[in-house]
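In what follows, a structure is listed as structure tokens, so that the remarks can point back to it.
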Amino acid sequence: MLTSSGLPARLFPAALAALVLLLLLGGSRPAHALAEGDVSFTVTQSPAAPATVQVGSEVTFTVTATVAVSPGVPPLLFEFTYPTGLHFVEGFSTPASVTCTDNTPSPGTVRCSYGQVPVGNLVDLTLRFTITANSTTSAANAVMRAGPSDGAPDSAANGGDSFVGAGTLTVFSAAVFTIGGSAAPSATFERAPVTYTATIQNDSGAATGPFTATVDLPNAIVEAVTCSSGTGSVTGSQAFCTNASLADGATLTITITLRPDNTAAGDDIAPVLSAPALGISGITLPAVTVHEVGLQRTSGAPAVGSPITVCTAAVPADVPNSAAAGAAQPADATLLIGKESASPLLQLSDFSVTGPGVGTVAAASGCGSSQSGVTFTPSASGTYTITASYNVGGTNVLVIEVPGASNPLPVLTSISPNSAVAGSGPVTLALTGSGFVAASEVRWNGVPLASVTFNSSTSLTAVIPAANLAAPGTASVTVFNPAPGGGTSAPQTFTVTAAASKLAFTTQPGNGVAGQPLAVQPVVAVQTAAGATVTSDSTTIVTLAISGGATLTCTGGLSKTVTAGVAAFTGCTVTPAGTGYTLAATASPALTPATSAPFDVTAAPPTVTSQLTFPAVSGPVPRSRLAFRVESGTLAPTQVRLVIRRASDGKYWNAAAAAWQNDPVQNVMTAAGSARWELPVVGVDRRAFRGTSVTIEAFATAGGTEYRSAATATIAVR
């Protein structure tokens, strides 16, 4: 059967459907490959490059397009291949008709489809990205295509299309900021008030956007924070400045009020600064040194019925049963007061003693200047705890074990002497400590010495045989008390040194000023051939001499007897000024002499004089009549020089170069009559002084002596 169109009836529905589809797809317009000029488009980047931005900020690309020749059936596509450092957020048009898909047709490309487009202006398209790292855009990033398979895209890198604002976006990093921190005071005690100031100075050349700065203060109780920009807040041991911002050259100042926490060992506070949006992460700032109050047992070995006295003192390390590390009480009441007494010197009420038989606790005497403590007599053996409480919760604790009838554990605190020269004869050794008994042994590297005239519970004497001192090396000296109780003390080190061979400067002389003590005073040591100081030597005489015909003087003279192998000279001065001086050290008895490293001695600074004065100036000086003047009084100098410093930036005027510079320069003045000197500013040089305020200081040479004006003057120039 045929239809009226001549088609078989069975084919008519399919043909009709094909005809409808063809009409819907614009069959009257054939597919058109996009050619240069078919579509004109412009991509505008904001912010325009080059720009300095912060991580997390946004960059947008606005696409405007005009269709001159429609591609027909294929949809018009805009593709943007974005560089590493950008993260795609969204793409949208106004009105909303364009759809955008990320990572299509390949990773790092956004494809936006306008659909089938007629001739004319298209809707504006906006692509939004966040910035994660440094990135660079270029015209090659953007293309227009007629359908996904179009192999000849219209590119902003050629033809009449354009990419406005492309280029490098540089994110902020810690290197473009100056970061600092300081504490007032820089050293204190647990729970005392401290003000910590952290700063971030913007040296990047660009303003930042809003950011958050965090200062982490471990071992601190943060009470308040103020910020020169943004809002301050506190969470635990962290201080925050939120919504802060910095203009180029501006400084964020974070002022934190805190108290060091009460830790087991008086842990210091090491602040850490972070501002991730600025590329600042984990910057450690100068620390706050935190002390506990040191506690020292000053009485004899603990025993039932024997008084125990504990005093505050400077104690470098914990010693079981004897000392708790910490600092002595300071004179400054802002650093430490008694928790209970509120006194700048800890009182009896600020100490507590607990244990099985404390009895009466009294204030200690003889604790040293500006120190205090407690004394008590234990009536039973066991553990006793002495606690010092200060400020608003700081503490330090000393635990003392009081033994019963058994032998105590010996404590060896020092030996004398603690060294000898190899090959010397027997040495008598004095041992000082506590807990010594008649049966105590003195052990040399764990082996008991044969000869030990027990003196008291704090003193022993032993003889080291010559055989033990035959060769250089070190030995461990301990005291052992037998059972019951007893035990072995912590060791002290005895050093057997090689024989003296030479002198050496262990501290080189520093540069100095003629007639004044050198910045670093020389120290000379008696050493072995291998360079070890012979600490057992306290008899050698070291004498200093100087090169170059100069004069050397030292406090106490140029000859000094060594102490423990070292001669430390003090008050050494050299005249006249000169360069490349060296010191020679010789010894008696004779050893190989030593020569110091070269050092320089400069002339003494100018003498301050009130003869150099500046005529009074009323109001701002017009630059058309700008001339600086100095009166030299009765000084009669042969030369007068003027230092001119600009107040706005601290730079100095160089009259010879007619320019401002960073380093000071002394401009030579011209004699302008009796006791009057002048430095005029003429011609185009006057422009450099427009609207400035300067400070001037005068220098002069008279009779071979250098002088400096006692005062300075400030002059405004209009």
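In mature numbering (1 follows the signal peptide of the UniProt record, and there is no 0), the protein residues as written are -33 to -1, 1 to 685. Ideal Cβ placement from N, Cα and C applies to all residues, glycine included. Please read all numbers here as calculations on a predicted model, not as lab measurements.
- Cβ contact annotation for T166 (same chain, cutoff 6 Å, sequence separation greater than five): G147, T218 and T220, in chain order.
- Boundaries of the beta strand (DSSP E) harbouring Y351: G349 to Y357, taken from the DSSP string.
- Every beta strand (DSSP E) of 3 residues or more that sits fully in the stretch 537 to 582 is shown, in chain order, as 540 to 542, 545 to 548, 550 to 555, 566 to 569 and 574 to 576.
- Within the model, the alpha-carbon separation for A481 versus T569 is close to 6 Å.
- For P647, the enclosing beta strand (DSSP E) stretches over residues R643 to P647.
- With respect to the 7 Å criterion, A214 and V22 are not classified as neighbours on the basis of their beta carbons.
- Here V491 is actually not in contact with N448; their C-beta atoms are around 43 Å apart, not less than 8 Å.
- Distance from the CA of S514 to the CA of A173, rounded to the nearest whole angstrom, comes to 56 Å.
- For E307, there is no enclosing beta strand (DSSP E), as DSSP gives it neither H nor E.
- Excluding five sequence positions before and after Q488, the CB atoms of its chain that fall closer than 6 Å to its own CB belong to F536, T537 and C539, given in chain order.
- Contact fails between the stretch 112 to 132 and the stretch 312 to 326, because fewer than three Cβ pairs, one in each stretch, are under 8 Å apart.
- Excluding five sequence positions before and after C67, the CB atoms of its chain that fall closer than 6 Å to its own CB belong to G58, V77 and C79, given in chain order.
- Residue nearest to V328 within the set A281, P227, P274 and L485 is P274 (criterion: CA-CA distance).
- The count of Cβ pairs closer than 8 Å, one atom from the stretch 388 to 407 and one from the stretch 428 to 437, reaches three, so the stretches are in contact.
- Residue state for N634 is assigned as strand, using DSSP reduced to three classes.
- Counting along the chain, the unbroken beta strand (DSSP E) around N621 starts and ends at Y619 to N621.
- In this structure, V661 sits near R613, with a CB-CB distance shorter than 7 Å.
- As far as DSSP is concerned, N412 takes part in no beta bridge.
- When DSSP states are grouped into helix, strand and coil, P243 belongs to the helix group.
- In terms of Cβ geometry, L92 and A18 do not form a close pair [threshold 7 Å].
- Taking 7 Å as the cut-off, the beta carbon of R596 is found no closer than this to the beta carbon of P573.
- In the three-state reduction of the DSSP assignment, G650 falls in the helix class.
- According to DSSP, L53 shares a beta bridge with I98.
- Inter-residue distance for A442 and T462 is about 6 Å (C-alpha atoms, whole angstroms).
- Residue burial is scored here from C-beta neighbours: R654 has fewer than 16 other C-beta atoms within 10 angstroms and is therefore classed as exposed.
- As the crow flies, the alpha-carbon of T679 is around 42 Å from that of S563.
- A residue is called buried when at least 16 other Cβ atoms come within 10 angstroms of its Cβ; Q628 does not meet this threshold and is exposed.
- When the alpha-carbon of L558 is set against those of R95, A496 and A486, the nearest one is in A496.
- The C-alpha of V257 is placed about 36 Å away from the C-alpha of S424.
- Taking 7 Å as the cut-off, the beta carbon of S356 is found no closer than this to the beta carbon of L312.
- With contacts defined as CB atoms closer than 7 Å, N186 and G360 fail to qualify as a contacting pair.
- With a contact defined as Cβ atoms closer than 8 Å, L550 and T576 miss out at about 35 Å.
- Taking C-alpha positions only, N108 is separated from P62 by approximately 25 Å.
- Put simply, the backbone Cα of G249 is about 46 Å away from that of G532.
- Three or more beta-carbon pairs drawn from the stretch 366 to 386 and the stretch 334 to 350 are found closer than 8 Å, and the two stretches are therefore classed as touching.
- Judged by DSSP in its simplified three-state form, N88 adopts strand.
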